[in-house]
Amino acid sequence: MIIFDKVTKRLGGKTVLNEVSFEVPKGETFVIVGLSGAGKSVTLKHMVQLMVPDSGTVRIGDDIISAARGTELERMRRRFGVLFQGAALLQWLTVFENVALPLREHTKLSEEEIDRTVREKLRLLNMEDAMDKFPADLSGGMQKRVGLARAIVMNPEIILYDEPTSGLDPVTSRLIDKLIENLRKELGITSVVVTHDLHSALAIATRIMMIDGGEIVENATPAEFIQSTNETVQRFLESQYITRRGAWEKGMEKHV
Amino acid sequence: MIAPFKEIYWYLDLPVRSFRRLGRIILVACHDMGNALIMLFSATLYIRTLWKPRARRETAMQLYVTGIKSLGVITVVAFFTGMILALQTGLELRRFGQEVNIGTAVTIVMIREMGPFMTGLIIAASVGSAIAAQLGTMAVSEEISALEVMSINPNRFLVMPRLVALAVMMPILTVYTNILGILGGGIVGSTQLGVAFQAYLDNATRYAENKDLYVGLFKAFVFGIIIATVACYQGLSTTEGAVGVGRATRQTVIISFLMILIIGYMITRLFYI
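Same order as they appear, the protein sequences are chains Y and A.
Numbering (the working numbering) for the first sequence: -17 to 238.
Numbering (the working numbering) for the second sequence: 84 to 356.
Following this line, the structure appears as structure tokens:
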């Protein structure tokens, strides 16, 4: 579905991605983990051409998105929904208007149909009551849920999540996790999640890839990932109190 | 390298390094100017979408922000500009017993130069900086990226309404500035210089030509486009968080002021010599 072929990106004289190659299969929840500055968000941005690689290609199915321009790029981007780290809601629009924006811009739906679709998506995220509020009146978690409603309102094939649970309380984090999982199970949506939160990653991922210093150090199923012998992976697991011997076992029963 | 030679080398290399730095500044300026013109061209092409309800609503909002919300400061500045002009020219003309001619002096200076110039400076400082700050904040909080991945072109969604609003409002506000400036001059004339208000007005309309008004309004229109282009470009290309937003705002005011001065001179040169 998403294929990175020897992608290299340099920013400010530093190599952020160094000949990175991997594939995200259709219908999977692919989680990218790593330390801050490892190149996770840069990888995500290449998938929707918010960044262009210095060398290598990024393909979405048969489309080479890294080389696309104009209307071709717009067509490819419509296959995606993106939840940004800070939700990135337009501050002068209400919650309803934010979620309705892609529908109003790209479809010929009547206002009644738009109203119904937006309410349905907001209900899915328990945000229907906040429909008339402005983003500034919402908490960080609520903004993320609205951002997610906007990301799924056009029923995209692929959803990208940039740190979907960062800054959220554990209850809201699990709600978002559950939603990502449901989108895969019920609608077969391909998801790519960038996160620091390994607990969340292990709960939702069908595959986990770790990036460090612009290179892939591990790309495995969750079960294989926690058993990895790679030192960087082990240090990362231990930093979140997850060890190979199973100090964190509860959520892993389904994988091990 | 031995220390003294190192120092000598540093001085010898100074012109090369300075030249290199100058070259880099010129390259960056050319690159920015090119990108800003591409943005302007793209936004101009999107004016055809102005009939759509969302674009109409956003443009109306920008017209309101640019026009109505700027009226207060423009009123004060225009009035006092006219008063200062009348007082300064009146005091000089009084030495020759010609104070009755302040009407002509104030009117011609206002409609040819000071009207568009003062309006341009006020709008660049108030509306231009606000546009740069708003778009800059949107850029650093990934709202612009969100628009892009939703396949919503920021040039259509954000730049076009601001461009139209400034290009339309600048000439209208300039007419308002001209009227208030001339009125302010008349009040100073009648209260401080002993020129009857009617005589001032008769004198004001005697020598001013239609061409003066049209050229002044053309300048205002061009200044509107300059402010919108500089503010939107600086805002959309903001990076590095709050510091970047501050930098974009400051750059917008500085570049707009400089361009208003330079382009203003060039238009005057074009039409009057």
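C-beta: ideal position from N, C-alpha, C; glycine also.
- Expressed to the nearest angstrom, what Euclidean distance is found between the alpha-carbon atoms of threonine 312 (chain A) and methionine 122 (chain A)? 8 Å
- Could you spell out the range, first to last residue, of the alpha helix (DSSP H) harbouring serine 37 (chain Y)? Membership of serine 37 (chain Y) in any alpha helix (DSSP H) is not indicated; the residue belongs instead to the beta strand (DSSP E) covering 37 to 42.
- Taking the alpha helix (DSSP H) that lysine 103 (chain Y) falls in, what are its first and last residues? 93 to 106
- Message: Given this structure, state the Cα-to-Cα distance separating glycine 68 (chain Y) from arginine 59 (chain Y), to the nearest angstrom.
- Response: 20 Å
- Given a threshold of 16 other Cβ atoms within 10 Å of its Cβ, counted over all protein chains shown, does alanine 205 (chain Y) qualify as buried or as exposed? exposed
- Is arginine 127 (chain Y) buried or exposed, if buried means 16 or more other CB atoms sit within 10 Å of its CB? buried
- Task: Spatial neighbours of tyrosine 316 (chain A) within its chain, please: CB distance less than 6 Å, with the 5 preceding and 5 following residues excluded, ordered by chain position.
- Result: Once the five neighbours on either side are set aside, the close Cβ partners of tyrosine 316 (chain A) are Ala119, Met122.
- Give the interface partners of glutamate 226 (chain A) over in chain Y, defined as CB-CB distance under 8 Å, in chain order. Ala70, Leu71, Leu72, Gln73
- Task: Kindly give me the distance between the Cβ atoms of alanine 248 (chain A) and glutamine 145 (chain A), rounded to whole angstroms, as I take these residues to be in contact under 8 Å.
- Result: Indeed they touch by this definition, with Cβ atoms about 3 Å apart.
- Which word fits valine 238 (chain Y), buried or exposed, when buried means at least 16 other C-beta atoms lie within 10 angstroms of its C-beta? No answer about valine 238 (chain Y) holds up, because its pLDDT of 48 lies below 50 and its placement is not dependable.
- Message: Is the separation between the beta-carbon of lysine 27 (chain Y) and that of isoleucine 14 (chain Y) shorter than 8 Å?
- Response: no
- Query: If you measure beta-carbon to beta-carbon, which residues of the region 135 to 148 of chain A are closer than 8 Å to chain Y?
  - Reply: Arg137
- Query: Does the Cβ-Cβ distance between leucine 65 (chain Y) and leucine 75 (chain Y) come in under 8 Å?
  - Reply: no
- Would you say glycine 19 (chain Y) reaches chain A, if we count a Cβ-Cβ gap shorter than 8 Å as a contact? no
- Message: Could you check whether the region 33 to 42 of chain Y touches the region -16 to -8 of chain Y, counting it as contact only if at least three pairs of C-beta atoms, one from each stretch, sit closer than 8 Å?
- Response: Judged by Cβ distances under 8 Å, the region 33 to 42 of chain Y makes contact with the region -16 to -8 of chain Y, as three or more pairs qualify.
- If glutamine 222 (chain Y) sits next to leucine 180 (chain Y), beta carbons under 8 Å apart, how far is it from one beta carbon to the other, in whole angstroms? 5 Å
- Whole-angstrom C-beta distance between serine 153 (chain A) and leucine 256 (chain A), which should lie under 8 Å: 7 Å
- Specify the secondary structure class of glycine 267 (chain A) as computed by DSSP and reduced to three states. helix
- Message: By the three-class DSSP mapping on this structure, what secondary structure does lysine 232 (chain Y) have?
- Response: Only weak support exists for where lysine 232 (chain Y) lies, its pLDDT of 48 falling under 50; the value from the coordinates is given anyway. Lysine 232 (chain Y) falls in the helix class under three-state DSSP.
- Message: Just to make sure I have the definition right: I need the residues of chain Y whose C-beta is within less than 7 Å of the C-beta of tyrosine 231 (chain A). Which are they?
- Response: Here the sequence assigns glutamate to residue 231 (chain A), which means tyrosine is not the residue at that position. Going along chain Y in sequence order, the residues near glutamate 231 (chain A) (Cβ under 7 Å) are Leu32.
- Output yes if chain Y places a C-beta closer than 8 Å to the C-beta of phenylalanine 340 (chain A); else output no. no
- Message: If I measure Cβ to Cβ from glycine 9 (chain Y) and keep anything under 7 Å in the same chain, skipping five residues before and after, which residues do I get?
- Response: Around glycine 9 (chain Y): Arg166, Gly170, Thr172.
- Give a yes or no on whether the minimum CB-CB distance between isoleucine 205 (chain A) and chain Y is below 8 Å. no
- Query: With 8 Å set as the bound, which would you pick, yes or no: does the beta-carbon of serine 125 (chain A) sit closer than that to a beta-carbon of chain Y?
  - Reply: Not one chain Y Cβ lies under 8 Å of serine 125 (chain A).
- Three-state secondary structure (DSSP) of leucine 120 (chain A): helix
- In this structure, does DSSP put glutamate 10 (chain Y) in helix, strand or coil? coil
- Is methionine 253 (chain A) helix, strand or coil by DSSP? Here DSSP, grouped into helix, strand and coil, assigns methionine 253 (chain A) to helix.
- Message: Please list, in chain order, the chain Y residues whose beta carbon lies closer than 8 Å to that of isoleucine 91 (chain A).
- Response: Those do not exist, as isoleucine 91 (chain A) stays about 29 Å from chain Y at its closest Cβ, beyond 8 Å.
- Got a sec? Which residues, its chain only, sit under 6 Å from glycine 186 (chain A) by beta carbon, not counting five neighbours each side? Tyr283, Asn286, Ala287
- methionine 136 (chain Y) to tryptophan 134 (chain A) span [Cα, whole Å]: 25 Å
- Measure the alpha-carbon distance for alanine 188 (chain A) versus valine 156 (chain A) and round it to whole angstroms. 24 Å
- Secondary structure of phenylalanine 78 (chain Y), DSSP reduced to three states: helix
- How do the region 147 to 167 of chain Y and the region 86 to 99 of chain Y stand: do at least 3 beta-carbon pairs fall below 8 Å, yes or no? no
- Among A:Tyr92, A:Arg140, A:Gly117, which residue has its Cα nearest to the Cα of phenylalanine 240 (chain A)? Per the Cα distances, A:Arg140.
- Item | Beta carbon of leucine -1 (chain Y) nearer than 8 Å to that of valine 6 (chain Y) | With contacts defined by Cβ atoms closer than 8 Å, leucine -1 (chain Y) and valine 6 (chain Y) do not form a contacting pair.
- Does the beta-carbon of lysine 232 (chain Y) have 16 or more other beta-carbons within 10 angstroms, so that it is buried, or is it exposed? At lysine 232 (chain Y) the pLDDT is 48, less than 50, meaning the model places this residue with poor confidence and gives no usable figure here.
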